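**Q** Residue numbers for the sequence shown follow my numbering, beginning at 1468 and rising by one.
Glycine included, C-beta positions come from ideal geometry on N, C-alpha and C.
Treat the numbers as computed from the prediction; the structure is a model and nothing was measured.
One structure, pasted below without further comment.
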Amino acid sequence: MTQGRPLLNRRLAGFGTTIFAEMSALAVRTGSINLGQGFPDTDGPEEIREAAVRALRDGRGNQYPPGPGVPELRTAIADHQQRRYGLTTDPDTEVLVTAGATEAIAAALLALLEPGDEVIAFEPFYDSYAACIAMAGGVRVPLTLRAPDFRPDLDALRDAITPRTRLLLLNSPHNPTGMVLTREELTAIAQLAVEHDLLVVTDEVYEHLVFEGEHIPLISLPGMRERTVSISSAGKTFSYTGWKVGWVVAAAPLVAAVRTAKQYLTYVSAGPFQYAVAEALRLPDTYFEDFRSDLRRKRDLLGEGLRAAGFEVHRPQGTYFITTDITPFGEKDAYAFCRALPERCGVVAIPNSVFYDDPDAGRSQVRFTFCKKDDVLHEAVGRLRRLAP
Ligand SMILES: *Cc1c(COP(=O)(O)O)cnc(C)c1O
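Spelled out as structure tokens, the structure:
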């Protein structure tokens, strides 16, 4: 305290340490297998790492790159939108490279919100959403996704919209539940956005990790081109989460607005990695197909193990997380369960309860990641079996 008031301002009060820091520290302290935080334990394609080395050696990106991102990467992002979704994007005015999707989300909210604006977002929330909405002075309005299938309640969405609603913050494929929005759901959401003249920010970092159904960018639906800020990132798609290369695709006036905030956050980032990610986006379709089928297999491996250990398993359609329920163990407090899990069997997981405003909705949900080596998953499954009665 100074001057009799707390150091941390009111907007950030309550956003102390993320659950990932807490649980990863617990994993280290207890020597447990960490299926908490979602990062791969194997690096992505070798030739992409070599592309980064080449860029560093050739002096490409070692000094401040252009504010919107290097032209090679912006063109590769626009070409990816065309090749994958049939969307035409101007690499000069409709693409912005950011320090991961995290900065893109922060910059979009800081640019587009006035204090007091309401933002409707699915809960369980990805953990940066609530903090970024708060930093922008917005008011978060949760739309609760409920087990077992976590489909959004579109009537509840309609009811949640008020004259103060400015923006929908959507995430599909959804972390942590693995829910993937269908074309029907996206169409209904788009109609509401048009009807109420809302902006939409879509977090699509798992766009290439859909195991059932397909990823459809909301920006491709009628009426959405001029009101959607589409966000993705190289971290999850290419298994280089430490590089922090993300991007925004949106109509020129929206990109200009987001760029205004972004230029005073980091200005630019990850120079040489931008060239490597430009090459990554041009990898053949087989890379994306193999990556997806490998993770689908890991999902099934861990899912079967969790079921055999006694968990209720909510099979994810996408992402690299499985949400389970601990009620079959006669337990209902996910946080207490996760705190005790390392002592009980040497595995760390994340309680979904911390991602909900509604204390009841996620109380007994525990999330595990399967983006780990097969032998790590086998070992974890063996350990979890000790929980079985
Ligand atoms: C991992 C993740 C991010 C962050 O992406 P970065 O590119 O690492 O900043 C954003 N949203 C969701 C849903 C994520 O899972």
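1) Rounded to whole angstroms, what is the Cα-Cα separation between G1526 and L1648?
2) Residues in its own chain within less than 8 Å of E1514 by CB, not counting five upstream and five downstream?
3) Cα separation between L1634 and R1524?
4) DSSP three-state label for T1791, please.
5) Classify T1733 as helix, strand or coil using the three-state DSSP reduction.
6) Mind checking whether G1483 and A1494 have CB atoms under 8 Å apart?
7) Note the first and the last residue of the continuous alpha helix (DSSP H) segment covering R1892.
8) In whole angstroms, what is the alpha-carbon distance linking A1803 and V1520?
9) Using three-state DSSP, classify I1587 as helix, strand or coil.
10) Judging by CA-CA distance, which residue of P1558, D1824, Q1741, K1840 is the nearest neighbour of F1589?
11) Is G1528 buried or exposed, if buried means 16 or more other CB atoms sit within 10 Å of its CB?
12) Would the beta-carbon of I1713 be found less than 7 Å away from any heavy atom of ligand 1?
13) For V1677, verify whether its CB is less than 7 Å away from any heavy atom of ligand 1.
14) Tell me where the beta strand (DSSP E) around V1696 begins and ends.
15) So, helix, strand or coil for N1819, using DSSP?
16) Inspect the CB distances between the stretch 1564-1572 and the stretch 1704-1717 and report whether three or more fall short of 8 Å.
17) Helix, strand or coil for P1809? Go by DSSP, reduced to three states.
18) In this structure, how does DSSP classify R1472 when only helix, strand and coil are distinguished?
19) Taking the C-alpha atoms as reference points, what is the distance between P1533 and M1602?
20) Please report how far the alpha carbon of H1682 lies from the alpha carbon of M1468, in whole angstroms.
21) Which residue from K1765, L1540, F1796, G1797 puts its Cα closest to that of V1848?
22) Whole alpha helix (DSSP H) runs in the stretch 1643-1720 with 4 or more residues, listed along the chain?
23) Give me whichever residues DSSP pairs with L1610 in a beta bridge.
24) In the DSSP assignment, find the alpha helix (DSSP H) that holds E1779 and state where it starts and stops.
25) Let me know the secondary structure DSSP gives I1544 once reduced to three states.
26) Taking 8 Å as the cut-off, decide whether the C-beta atoms of Q1548 and V1677 are in contact.
27) Note the first and the last residue of the continuous alpha helix (DSSP H) segment covering R1633.
28) Just to check my reading of the structure: S1687 and L1554 have Cβ atoms closer than 8 Å, yes? What is that Cβ distance to the nearest angstrom?
29) Does the separation of the CB atoms of Y1754 and D1510 fall below 8 Å?
**A** Short version:
1) Residue numbering aside, residue 1526 sits at position 59 when the sequence shown is read from its first letter. Residue numbering aside, residue 1648 sits at position 181 when the sequence shown is read from its first letter. If I take the Cα positions, the gap works out to 42 Å.
2) Numbered from its first residue, the sequence shown carries residue 1514 at position 47. So the qualifying residues of the chain are E1746.
3) Start at 1 with the first residue of the sequence shown, and residue 1634 comes out as number 167. Start at 1 with the first residue of the sequence shown, and residue 1524 comes out as number 57. Cα to Cα, the separation comes out at about 43 Å.
4) As a first step, residue 1791 must be located in the sequence shown, where it is residue number 324. Strand.
5) On the sequence shown, residue 1733 is found 266 positions in, with the first residue counted as 1. T1733 falls in the coil class under three-state DSSP.
6) The residue labelled residue 1483 in the question sits at position 16 within the sequence shown. The residue labelled residue 1494 in the question sits at position 27 within the sequence shown. It is not a contact, given that the beta carbons lie outside the stated cut-off.
7) With the chain represented from 1468 up to 1856, any question about residue 1892 goes unanswered, as that position is not in the structure.
8) For this step, residue 1803 is matched to residue 336 along the sequence shown. For this step, residue 1520 is matched to residue 53 along the sequence shown. Computed Cα separation, rounded: 44 Å.
9) Position 120 of the sequence shown, counted from the start, is the residue given in the question as residue 1587. I1587: strand per DSSP, three-state reduction.
10) As a first step, residue 1589 must be located in the sequence shown, where it is residue number 122. Of P1558, D1824, Q1741, K1840, the residue nearest in Cα terms is D1824.
11) The residue you call residue 1528 lines up with position 61 of the sequence shown. Burial call: buried.
12) As a working mapping, residue 1713 is identified with position 246 in the sequence shown. Note on residue identity: the sequence assigns Gly, not Ile, to residue 1713. For ligand 1, at least one heavy atom lies less than 7 Å from the Cβ of G1713.
13) If you number the sequence shown from 1, residue 1677 lands on position 210. Outside the cutoff, so no.
14) Taking the first residue of the sequence shown as 1, we reach residue 1696 at position 229. Per DSSP, V1696 belongs to the beta strand (DSSP E) from 1695-1700.
15) Position 352 of the sequence shown holds residue 1819. Three-state DSSP puts N1819 in a helix.
16) yes
17) Against the sequence shown, residue 1809 aligns to sequence position 342. Here P1809 sits in helix by DSSP.
18) Position 5 of the sequence shown holds residue 1472. In this structure, R1472 counts as strand in the three-state DSSP scheme.
19) The residue labelled residue 1533 in the question sits at position 66 within the sequence shown. The residue labelled residue 1602 in the question sits at position 135 within the sequence shown. If you take the alpha carbons of P1533 and M1602, they lie about 27 Å apart.
20) As a first step, residue 1682 is located in the sequence shown; it is residue number 215 there, counting from the start. As a first step, residue 1468 is located in the sequence shown; it is residue number 1 there, counting from the start. Their Cα atoms are separated by approximately 48 Å.
21) Counted from its first residue, the sequence shown places residue 1848 at position 381. Cα-wise, what sits closest to V1848 is K1765.
22) 1650-1662, 1701-1705
23) Sequence index remark: in the sequence shown, residue 1610 carries index 143 (1-based). DSSP lists F1589 as partners of L1610.
24) By 1-based counting over the sequence shown, the position of residue 1779 is 312. It is not in any alpha helix (DSSP H) - E1779 instead sits in the beta strand (DSSP E) that spans 1779-1781.
25) Within the sequence shown, residue 1544 is the residue found at index 77, counting from 1. Residue state, collapsed to three classes: helix.
26) Taking the first residue of the sequence shown as position 1, residue 1548 is located at position 81. Taking the first residue of the sequence shown as position 1, residue 1677 is located at position 210. No; because the gap between Cβ atoms is not below 8 Å, this pair is not in contact.
27) Working through the sequence shown from its first residue, we reach residue 1633 at position 166. Unbroken run through R1633 is the beta strand (DSSP E), 1632-1638; no alpha helix (DSSP H).
28) Within the sequence shown, numbered from 1, the residue matching residue 1687 stands at position 220. Within the sequence shown, numbered from 1, the residue matching residue 1554 stands at position 87. Correct: roughly 6 Å between the Cβ atoms.
29) Locating residue 1754 in the sequence shown gives position 287, counting from the first residue. Locating residue 1510 in the sequence shown gives position 43, counting from the first residue. No; because the gap between Cβ atoms is not below 8 Å, this pair is not in contact.
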